[in-house]
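Engineer: Quick one: the structure is below, questions incoming.
There are 2 protein chains.
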Amino acid sequence: MFGNTLYVEKIQHALEQSNFPATPDNLYDPVRYMLSLSGKRIRPLLVLLGADLFNIENIDDALPASLAIEYFHNFSLVHDDIMDNAPLRRGKEAVHKKWNESVAILSGDALLVKAYEQLAFVKVEYIPELLRIFSQLAIEVCEGQQYDMDFESIDSITGDQYIEMIRLKTSVLLGGALEMGAIIANATLVDRKHINNFGVNLGIAFQLQDDILDVYGDPSTFGKQIAGDIIANKKTILYILLKSKLEQEDTQEFEDLLTNKAITSDEKITRMKNLYQKYHVVQEAGELKGKYTHLAYESLQKVNVTEPQKKELYSLADNLMRRTQ
Amino acid sequence: MFGNTLYVEKIQHALEQSNFPATPDNLYDPVRYMLSLSGKRIRPLLVLLGADLFNIENIDDALPASLAIEYFHNFSLVHDDIMDNAPLRRGKEAVHKKWNESVAILSGDALLVKAYEQLAFVKVEYIPELLRIFSQLAIEVCEGQQYDMDFESIDSITGDQYIEMIRLKTSVLLGGALEMGAIIANATLVDRKHINNFGVNLGIAFQLQDDILDVYGDPSTFGKQIAGDIIANKKTILYILLKSKLEQEDTQEFEDLLTNKAITSDEKITRMKNLYQKYHVVQEAGELKGKYTHLAYESLQKVNVTEPQKKELYSLADNLMRRTQ
Chain A
385 MFGNTLYVEK IQHALEQSNF PATPDNLYDP VRYMLSLSGK RIRPLLVLLG
435 ADLFNIENID DALPASLAIE YFHNFSLVHD DIMDNAPLRR GKEAVHKKWN
485 ESVAILSGDA LLVKAYEQLA FVKVEYIPEL LRIFSQLAIE VCEGQQYDMD
535 FESIDSITGD QYIEMIRLKT SVLLGGALEM GAIIANATLV DRKHINNFGV
585 NLGIAFQLQD DILDVYGDPS TFGKQIAGDI IANKKTILYI LLKSKLEQED
635 TQEFEDLLTN KAITSDEKIT RMKNLYQKYH VVQEAGELKG KYTHLAYESL
685 QKVNVTEPQK KELYSLADNL MRRTQ
Chain B
385 MFGNTLYVEK IQHALEQSNF PATPDNLYDP VRYMLSLSGK RIRPLLVLLG
435 ADLFNIENID DALPASLAIE YFHNFSLVHD DIMDNAPLRR GKEAVHKKWN
485 ESVAILSGDA LLVKAYEQLA FVKVEYIPEL LRIFSQLAIE VCEGQQYDMD
535 FESIDSITGD QYIEMIRLKT SVLLGGALEM GAIIANATLV DRKHINNFGV
585 NLGIAFQLQD DILDVYGDPS TFGKQIAGDI IANKKTILYI LLKSKLEQED
635 TQEFEDLLTN KAITSDEKIT RMKNLYQKYH VVQEAGELKG KYTHLAYESL
685 QKVNVTEPQK KELYSLADNL MRRTQ
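Have a look at this one:
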């Protein structure tokens, strides 16, 4: 079996060979720029690991689908950054800031088209099914992004609604990537479902963990501003659980923390964490994370291949779920 | 053979059956809204006529590809309207005005995904080739839109550059639609090329005619503000040909017309038309239109089916190219 490093190198090499046309440069320069920003390439890697899990003869057969997933992911980042008015992406200027909104819209569109185009390079017998699965995950990612934007102006979101949103916005892409690899390796429909569920549940667990680490992670390893979500009033799982449990006596305190600009960031973080503690929301979020992590491992167990064959995916999941607290 | 009316009804019926999900409504309401605005459905009709030309057994087999083309066309309208900051579309509020930019970006994305999804409903043996042809026309439409935006800030565009831009932005979609129908009707590669060329050249001729009619058309039948392109300083074929031929003695007059806000619209139109006349640009634009019309008919003639079988497409081309001057 190949190791992850070799696979990531394969993906990196394929991305470098992409050969987008020189002109119009305002269309293709942003495409090249996005793809050159150093992502971890986890999503395209999942396609290769999904194919590898089912003993694909030649791993290169899964590369076009792997690129399709990476192009799609970058399409969604370019467009999301416009919608979220995010100035930075992977530490560099976002496309809509470095160029402008029109360029970002159109180069995002081009990435989506280029993603689909890659599917045409897969062995013909797998193309129709890949087209279906890929379109389904693509439309679900759009739905997730819309729910995420809708939630900004909705006052009471339940934990279930939040988890459904992150399932659509971030997790179906992981499950779909694995399943696309499985399809190309000729896996059974049942096994395809299991490996897809593994990816989706792992994605949900990872996002919940991300919400927890934002507040409680080690700033030296987590790599983001500590408690940035609290400062920005972001509706994370912690915010949502707290809001749903808040008793009369604390509603004023919660409102103050969200709206009173006189409160310093440090004070806001301390007082919000006090509320989290009082209502045991970190514990509850941790339990939810545990539930989805368990569901993920359970799905992987059900896949009908030998345990050694699953080693890479177990180790990927372990790495993702054991980031420094 | 079926008539156009029956085909358009088929398309209309299929669009009404589309059954997009109810939620998230901010994603799917704009999709439904766009598709309900009464377009002429020429592009999806071309898919059916392309299939009909090559004697497809069951025309319904071409309906998914026909919907794919209509969804794609509407995707490009939604995104173009954001980029062009156009307030209206088909006489109604554009999506980014009726909702907002984020909704327009995302619902446009959804339409593009839904377009590709339709290809999965075609007979499997045709899917790989349709995926290739569709992706090629899709990326070319993006390139055309980028050139169109680039041209706004470029001072000297040649007639050839302009025609290449409209070929990409508007015409490859017509050629591609016909070719997709031809693919599903199992046409030969040579015939596919001919029918594609017919559509592309017809599209270029139509766009050139549109530029001419904007200034010289009968306002009661053309249905737009007369000479709106002159008022807006739009870089049409007339503007570009004039600029390339302008002699020293008229450059000041041309500059004045473009920039002097004290000149009334009526006066601007009259004086610009004087320049057009002096430099014979309408005649030259007419000749270009004639050239591409001829190339279109020539391509259709080359298609290896009986002449009666081509009747519908000849009559469509005649209708498009003989709009009231």
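Which chain is which? The protein sequence lines are A and B, in order.
Sequential numbering of the first sequence, starting at 385, is according to the numbering used here.
Sequential numbering of the second sequence, starting at 385, is according to the numbering used here.
The beta carbon of each residue, even a glycine, is placed where N, CA and C say it ideally should be.
Does ALA522(B) have its Cβ less than 9 Å from a Cβ in chain A?
Structural biologist: Counted from its first residue, the second sequence places residue 522(B) at position 138. Yes, its Cβ sits closer than 9 Å to a Cβ of chain A.
Engineer: Using a Cβ distance threshold of 8 Å, determine whether the segment 618 to 633 of chain A contacts the segment 661 to 681 of chain A, with at least three qualifying pairs required.
Structural biologist: Output reads yes: the segment 661 to 681 of chain A touches the segment 618 to 633 of chain A.
Engineer: Would you check if the distance between the CB atom of VAL697(A) and the CB atom of ALA504(B) is smaller than 9 Å?
Structural biologist: Locating residue 697(A) in the first sequence gives position 313, where the first residue counts as 1. Locating residue 504(B) in the second sequence gives position 120, where the first residue counts as 1. Val is not the amino acid found at residue 697(A); the sequence shown has Leu there. Against a cut-off of 9 Å, the Cβ pair of ALA504(B) and LEU697(A) comes out as no contact.
Engineer: Given ILE541(A), which residues of its chain have a CB within under 7 Å of its CB, disregarding the five upstream and five downstream residues?
Structural biologist: Here residue 541(A) corresponds to residue number 157 of the first sequence, with the count starting at 1. Closer than 7 Å at the Cβ level, and outside the excluded window around ILE541(A), lie PHE535, LYS619, ILE624.
Engineer: Going by C-alpha to C-alpha distance, which of ARG706(B), PHE456(B), LYS686(B), GLY670(B) sits closest to VAL556(B)?
Structural biologist: Walking along the second sequence from the start, residue 556(B) turns up at place 172. Nearest option by C-alpha distance: PHE456(B).
Engineer: Quick one: what's got a C-beta closer than 6 Å to LEU704(B)'s C-beta in the same chain, skipping five residues either side?
Structural biologist: Here residue 704(B) refers to the residue found at position 320 of the second sequence. Result list for LEU704(B): PHE590, in chain order.
Engineer: Any idea which residues DSSP pairs LYS394(B) with across the strands?
Structural biologist: Reading the second sequence from its first residue, position 10 is the one you call residue 394(B). The partner list for LYS394(B) (beta bridge, DSSP) is empty, contrary to what the question assumes.
Engineer: Under the assumption that ARG427(B) contacts VAL392(B) (Cβ atoms under 8 Å), give the Cβ distance between them as a whole number of angstroms.
Structural biologist: Within the second sequence, numbered from 1, the residue matching residue 427(B) stands at position 43. Within the second sequence, numbered from 1, the residue matching residue 392(B) stands at position 8. Not really, about 11 Å apart at Cβ, beyond 8 Å.
Engineer: I'd like the span of the alpha helix (DSSP H) that includes GLY475(B), first residue to last.
Structural biologist: Within the second sequence, the letter at position 91 stands for residue 475(B). Counting along the chain, GLY475(B) falls outside any alpha helix (DSSP H), and DSSP gives it neither H nor E.
Engineer: Taking the alpha-carbon positions, what's the ASN585(B) to ALA488(B) distance?
Structural biologist: Counted from its first residue, the second sequence places residue 585(B) at position 201. Counted from its first residue, the second sequence places residue 488(B) at position 104. So the alpha carbons of these two residues sit roughly 31 Å apart.
Engineer: Enumerate in chain order the residues of its own chain whose CB-to-CB distance from ARG416(B) is below 7 Å, with the five nearest sequence positions on each side excluded.
Structural biologist: The residue you call residue 416(B) lines up with position 32 of the second sequence. Counting only Cβ-Cβ distances below 7 Å, and skipping sequence neighbours, we find PHE404.
Engineer: SER519(B) CB to nearest chain A CB: under 9 Å?
Structural biologist: Taking the first residue of the second sequence as 1, we reach residue 519(B) at position 135. Taking Cβ atoms only, chain A reaches closer than 9 Å to SER519(B), which makes this a yes.
Engineer: Look at the Cβ atom of ILE440(A), then the Cβ atom of ALA446(A), and state whether they are nearer than 9 Å.
Structural biologist: Numbered from its first residue, the first sequence carries residue 440(A) at position 56. Numbered from its first residue, the first sequence carries residue 446(A) at position 62. Contact: yes.
Engineer: Using the C-alpha atoms, what's the distance from ASP634(B) back to LEU642(B)?
Structural biologist: Here residue 642(B) refers to the residue found at position 258 of the second sequence. Here residue 634(B) refers to the residue found at position 250 of the second sequence. Whole-angstrom Cα-Cα distance: 13 Å.
Engineer: So LEU589(B) is in the alpha helix (DSSP H); what residue range does that whole segment cover?
Structural biologist: Locating residue 589(B) in the second sequence gives position 205, counting from the first residue. Reading the sequence as shown, one finds Ala at residue 589(B) and not Leu. Looking at the DSSP string, the run of the alpha helix (DSSP H) that includes ALA589(B) is 573 to 600.
Engineer: In whole angstroms, what is the alpha-carbon distance linking ALA355(B) and THR389(A)?
Structural biologist: Since the first and last residues shown for chain B are 385 and 709, residue 355(B) lies out of range.
Engineer: Is it buried or exposed for PRO603(B), if we count other Cβ within 10 angstroms and need 16 for buried?
Structural biologist: To locate residue 603(B), count along the second sequence from 1; it is residue 219. Exposed: under 16 other Cβ atoms inside 10 Å.
Engineer: Quick check on the burial criterion: 16 or more other C-beta atoms within 10 angstroms. Buried or exposed for HIS463(A)?
Structural biologist: Taking the first sequence and counting its residues from 1, one reaches residue 463(A) at position 79. So HIS463(A) counts as buried.
Engineer: Given this structure, state the Cα-to-Cα distance separating ASP544(B) from GLY434(A), to the nearest angstrom.
Structural biologist: Stepping through the second sequence from its first residue, residue 544(B) is reached at position 160. Stepping through the first sequence from its first residue, residue 434(A) is reached at position 50. Roughly 49 Å between the two C-alpha positions.
Engineer: Since LYS560(B) is in the alpha helix (DSSP H), which residue starts that stretch and which ends it?
Structural biologist: For the purposes of this step, residue 560(B) is identified with residue 176 of the second sequence, where counting begins at 1. The displayed chain sequence assigns Gly, not Lys, to residue 560(B). Unbroken alpha helix (DSSP H) run through GLY560(B): 556 to 568.
Engineer: How would you list, in chain order, the residues of chain B whose beta-carbon sits under 7 Å from the beta-carbon of GLN530(A)?
Structural biologist: Counting from one through the first sequence, the residue named residue 530(A) turns up at place 146. The answer, in chain order, is PRO408, ASN410, LEU411, LEU490.
Engineer: On the three-state DSSP scale, how would you describe ARG706(A)?
Structural biologist: On the first sequence, position 322 is the one that residue 706(A) refers to. It is coil, neither helix nor strand.
Engineer: Taking 9 Å as the CB-CB limit, is HIS463(A) close to chain B?
Structural biologist: Walking along the first sequence from the start, residue 463(A) turns up at place 79. By this cut-off, HIS463(A) is an interface position.
Engineer: Looking only at its chain, what residues have a beta carbon closer than 6 Å to the beta carbon of LEU681(B), apart from the 5 residues adjacent to it on each side?
Structural biologist: Against the second sequence, residue 681(B) aligns to sequence position 297. Sequence inspection shows Tyr at residue 681(B); the Leu mentioned does not correspond to that position. There are no such residues.
Engineer: Once you ignore the five residues that flank VAL687(B) on each side, which residues in its own chain have a CB closer than 8 Å to its CB?
Structural biologist: Stepping through the second sequence from its first residue, residue 687(B) is reached at position 303. Taken in chain order, the residues that qualify are LEU437, ASP575, HIS578, ILE579, PHE582, LYS694.
Engineer: Assuming LEU419(B) and ASN469(B) form a contact by the criterion Cβ under 8 Å, report the distance between their Cβ atoms to the nearest whole angstrom.
Structural biologist: Position 35 of the second sequence, counting from 1, holds the residue named residue 419(B). Position 85 of the second sequence, counting from 1, holds the residue named residue 469(B). About 22 Å; that fails the 8 Å criterion.
Engineer: Could you confirm whether any beta carbon from chain B is found closer than 9 Å to the beta carbon of SER486(A)?
Structural biologist: Locating residue 486(A) in the first sequence gives position 102, where the first residue counts as 1. It does: the Cβ of SER486(A) has a partner Cβ on chain B nearer than 9 Å.
Engineer: Given a threshold of 16 other Cβ atoms within 10 Å of its Cβ, counted over all protein chains shown, does ALA616(A) qualify as buried or as exposed?
Structural biologist: Numbered from 1 along the first sequence, position 232 holds the residue referred to as residue 616(A). The residue is exposed, with fewer than 16 neighbouring Cβ atoms inside 10 Å.
Engineer: Under the criterion of a Cβ to heavy atom distance below 8 Å, does ILE568(A) qualify as lining the ligand MN?
Structural biologist: Absent from the structure shown: the ligand MN. Ligands present: none.
Engineer: Reducing DSSP to helix, strand and coil, say where PRO405(B) ends up.
Structural biologist: As a first step, residue 405(B) must be located in the second sequence, where it is residue number 21. Correct three-state label for PRO405(B): coil.
Engineer: Return no unless some Cβ of chain A is closer than 9 Å to the Cβ of ILE395(B).
Structural biologist: Along the second sequence, one-based indexing puts residue 395(B) at 11. Chain A contact via Cβ: absent.
Engineer: Is it buried or exposed, ILE395(B), if we count other Cβ atoms within 10 angstroms and call 16 or more buried?
Structural biologist: Within the second sequence, the letter at position 11 stands for residue 395(B). Flag for ILE395(B) reads buried.
Engineer: Where does VAL508(A) land, buried or exposed, given buried means 16+ other C-beta within 10 angstroms?
Structural biologist: The sequence position of residue 508(A) within the first sequence is 124, counting from 1. VAL508(A) comes out exposed.
Engineer: What is the DSSP secondary structure of ASN410(A), reduced to helix, strand or coil?
Structural biologist: Taking the first residue of the first sequence as position 1, residue 410(A) is located at position 26. In this structure, ASN410(A) counts as helix in the three-state DSSP scheme.
Engineer: On the CB-based measure, 16 or more other CB atoms within 10 Å of its CB, does PRO692(B) come out buried or exposed?
Structural biologist: Numbered from its first residue, the second sequence carries residue 692(B) at position 308. Exposed, since its Cβ has fewer than 16 Cβ neighbours within 10 Å.
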